Amino acid sequence: MDTDTLILFAILTTFFLLYFYSGCKCLAAYKLPPGPSPLPLIGNLHTLDLKMLHRSLSELSEQYGPVFTIQLGLEKAVVLTGYKAVKEALVDQADEFAERAKIPVLEMLANSYGISFGHGESWRQMRRFTLTTLRNFGMGKKSIEDKITEEAKYLVQDFESHRDQPFDTTVPVTSAMANIICSIVFGERFDYKDELFLTITKLIRENFNLLGSSRVQMYNAFPFLGFLPGTHKKIFQNRAQMVRLILNFYEEHQKTLNENDIRSLIDAFLVKREEESNNSDSHFHDKNLVTSVTNLFSAGTDTSSSTLRWAILLMMKYPDIQRNVQREIDRVIGAERAPQMVDRKRMPYTDAVLHEVQRFANIIPMNIAHATTKDTYFREFFIPKGMQVIPLLSSVLQDKSQWETPNDFNPSHFLDAEGRFVKRGAFMPFSAGRRVCIGESLAKMELFLFFTILMQRFSFHALPETFLDLTPSVGLTLCPKPHSVCAALRGEKGRRVAGTGDEPPEVTGRNP
Numbered sequence: 301m302d303t304d305t306l307i308l309f310a311i312l313t314t315f316f317l318l319y320f321y322s323g324c325k326c327l328a329a330y331k332l333p334p335g336p337s338p339l340p341l342i343g344n345l346h347t348l349d350l351k352m353l354h355r356s357l358s359e360l361s362e363q364y365g366p367v368f369t370i371q372l373g374l375e376k377a378v379v380l381t382g383y384k385a386v387k388e389a390l391v392d393q394a395d396e397f398a399e400r401a402k403i404p405v406l407e408m409l410a411n412s413y414g415i416s417f418g419h420g421e422s423w424r425q426m427r428r429f430t431l432t433t434l435r436n437f438g439m440g441k442k443s444i445e446d447k448i449t450e451e452a453k454y455l456v457q458d459f460e461s462h463r464d465q466p467f468d469t470t471v472p473v474t475s476a477m478a479n480i481i482c483s484i485v486f487g488e489r490f491d492y493k494d495e496l497f498l499t500i501t502k503l504i505r506e507n508f509n510l511l512g513s514s515r516v517q518m519y520n521a522f523p524f525l526g527f528l529p530g531t532h533k534k535i536f537q538n539r540a541q542m543v544r545l546i547l548n549f550y551e552e553h554q555k556t557l558n559e560n561d562i563r564s565l566i567d568a569f570l571v572k573r574e575e576e577s578n579n580s581d582s583h584f585h586d587k588n589l590v591t592s593v594t595n596l597f598s599a600g601t602d603t604s605s606s607t608l609r610w611a612i613l614l615m616m617k618y619p620d621i622q623r624n625v626q627r628e629i630d631r632v633i634g635a636e637r638a639p640q641m642v643d644r645k646r647m648p649y650t651d652a653v654l655h656e657v658q659r660f661a662n663i664i665p666m667n668i669a670h671a672t673t674k675d676t677y678f679r680e681f682f683i684p685k686g687m688q689v690i691p692l693l694s695s696v697l698q699d700k701s702q703w704e705t706p707n708d709f710n711p712s713h714f715l716d717a718e719g720r721f722v723k724r725g726a727f728m729p730f731s732a733g734r735r736v737c738i739g740e741s742l743a744k745m746e747l748f749l750f751f752t753i754l755m756q757r758f759s760f761h762a763l764p765e766t767f768l769d770l771t772p773s774v775g776l777t778l779c780p781k782p783h784s785v786c787a788a789l790r791g792e793k794g795r796r797v798a799g800t801g802d803e804p805p806e807v808t809g810r811n812p
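Each residue of the sequence shown is one higher than the one before, starting from 301 at the first, in this note's numbering.
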């Protein structure tokens, strides 16, 4: 190491030691929640598994309680674990915990714009506009239900083309989910083999995988080292490529915009931007549009597709549960007509299975970190304004005080003794409070319709003697590891006759 490098290293070390100790002295004046003692500079990073951070935090909660403080590099964060603590913060004190934490990699991706990682008034306006527009384009209504049912036909055709031979469901399932977002954002769908479409979905999947990596966790802990080569730069490159592709759509919509014929969310945004053209403080500008569209694509594609892939994998793993679902579909819907959302109320077992898939799959275990909007007292502790808060969703979905068998795949979690569907307060896969997932109702509709249509048409199985591993691939979301699926067409011999009155027995499955 040369002299100049040694001097630079010494200056940086001195600066950050001073920063660290001054920060500790300042925060010591307040009663922060307890937590493990941090080391200078690295905090508690040396004690954490950065690849499975949610597990490390859950283990710490057993020692320090449901509310504790952790230090990730130079920044402290308050961690909330268990249903009661998370609900108390996100629901009972929703306004105080409504801000989004300024995570370095997410700040670089979004620049404080958009609906997922935005802040303050910009975020409020984007969220309000997006929610209104999604509803106008049919979210939660029959019109979007028809689009999902139509898209399911293309997905069925793709599955049929493999003729019961093993295939990977990632591309077709991701494409189907992405097309629902495309129909809203762009006003059109794409063929599953369209190169542009495949590029966008590939960039989304890759970034979700990279965002959960230990290297990105280290970048978030020490953002001043961002000039070094690393995974974070690949994420930014992918994001830049996706923005260029979205801008191409945006420019096309500008050329053909007709205020009397709003075809898409982009059209609606352009109209709103024109309405506020004389407002110098307007938040309806290109950066918010591009970031919001990117947020919708990413969140609406990866999480929904991962959940449906988990559902198929779990049906393969537990064929008795798959047969019980199919019996209910045959009895309530039959073989001829497509499932509809009104059927769900008469299908408690299928509804319970889908809820249990979401609970068991634990798609977003870490949630996306929140921050306090003002100095806040939570229980007996003080949390200063702007402090990062991690409401650990995995600890809610696996809370031993809320779930009878939290580590098992058990649809009975959502059924009473008579087989009727039961809502559970600790079911929070979409988070809760002011930052609850904006597309929750759309995601629920997609999952029910795609799943029941596929289960009506196919029986899913693996090749003989294949071990189905339920250990997830770790990223920002927990998705299934690569696996092959065989989709066998269901014939009349494989169907139950509607109206037999057979009730599905209780079946559980354990994650090995």
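The beta carbon of each residue, even a glycine, is placed where N, CA and C say it ideally should be.
Nothing here was measured: the structure is a model prediction, and the numbers come from that model.
As DSSP reads the structure, PRO772 sits in a beta bridge with PRO780. The count of Cβ pairs closer than 8 Å, one atom from the region 542-559 and one from the region 581-595, reaches three, so the stretches are in contact.
With respect to ASP464, CYS786 sits close: the two C-beta atoms are nearer than 7 Å.
For ALA385, the enclosing alpha helix (DSSP H) has its first and last residue at 383-387. As DSSP reads the structure, ILE370 sits in a beta bridge with ALA377.
One thing to note: ARG646 has its Cβ no nearer than 7 Å to the Cβ of VAL657.
Excluding its 5 nearest sequence neighbours in each direction, ASN411 has C-beta neighbours in its own chain below 8 Å: LYS587, THR591, listed in chain order. Straight-line measurement puts the Cα of VAL653 at about 13 Å from the Cα of LEU749. Excluding its 5 nearest sequence neighbours in each direction, LEU565 has C-beta neighbours in its own chain below 6 Å: THR433, ILE484, VAL485, listed in chain order. By the Cβ rule, the region 695-709 does not count as touching the region 394-408, because fewer than three pairs are nearer than 8 Å. Taken atom to atom, the span from the alpha-carbon of ARG724 to that of SER712 is near 12 Å. Under DSSP, GLY343 shares a beta bridge with LEU339, LEU372. Here DSSP, grouped into helix, strand and coil, assigns THR766 to coil. Remark: C-beta atoms of VAL473 and LEU608 approach each other more closely than 7 Å. Taking THR594 as reference, the option from GLU552, GLU407, GLY414 with the minimal CA-CA separation is GLY414. In the DSSP assignment, GLN688 falls within the beta strand (DSSP E) that extends over 688-691.
Distances from the CA of MET616 to each of PHE760, SER741, ALA476 were compared; the closest alpha carbon is that of PHE760.
The closest CA to that of PHE727, considering only PHE429, PRO338, LYS387, GLU552, is found on LYS387. DSSP lists no bridge partner for THR672. Checking the DSSP bridge columns, you'll see GLU574 has no partner listed.
Cβ contact annotation for LEU345 (same chain, cutoff 7 Å, sequence separation greater than five): LEU372, GLY373, ALA521, in chain order. When DSSP reads this structure, SER759 sits in a beta bridge with ALA788. The count of Cβ pairs closer than 8 Å, one atom from the region 736-749 and one from the region 596-615, reaches three, so the stretches are in contact. Note on the region 417-456: whole alpha helix (DSSP H) runs with a minimum of 4 residues are 420-436, in chain order. Sequence-distant Cβ neighbours of THR531 in its own chain, meaning closer than 7 Å and more than five residues away, are LEU510, SER513, ARG515, VAL516. Proximity of the region 574-585 to the region 430-446 falls short of the contact definition, fewer than three beta-carbon pairs being nearer than 8 Å.
DSSP places ARG539 in the helix class (H, G or I) of the three-state scheme.
In the pairwise beta carbon analysis, the region 552-571 is classified as touching the region 486-499: at least three pairs are separated by under 8 Å. Every unbroken stretch of the alpha helix (DSSP H) spanning 4 or more residues and falling wholly within the region 457-485 is given here in chain order: 470-485. About 6 Å separates the CB atoms of ALA385 and VAL367; that is less than 8 Å, so the two are in contact. Here DSSP, grouped into helix, strand and coil, assigns PHE682 to strand. The criterion of a C-beta distance shorter than 7 Å is not satisfied by THR673 and ILE683. Look at ARG609 here: in three-state DSSP terms it is helix.
DSSP places TYR618 in no alpha helix (DSSP H); its state is neither H nor E. Note: ARG400 is bridge-paired with HIS670 in the DSSP secondary-structure output. Straight-line measurement puts the Cα of ASN707 at about 26 Å from the Cα of ARG627.
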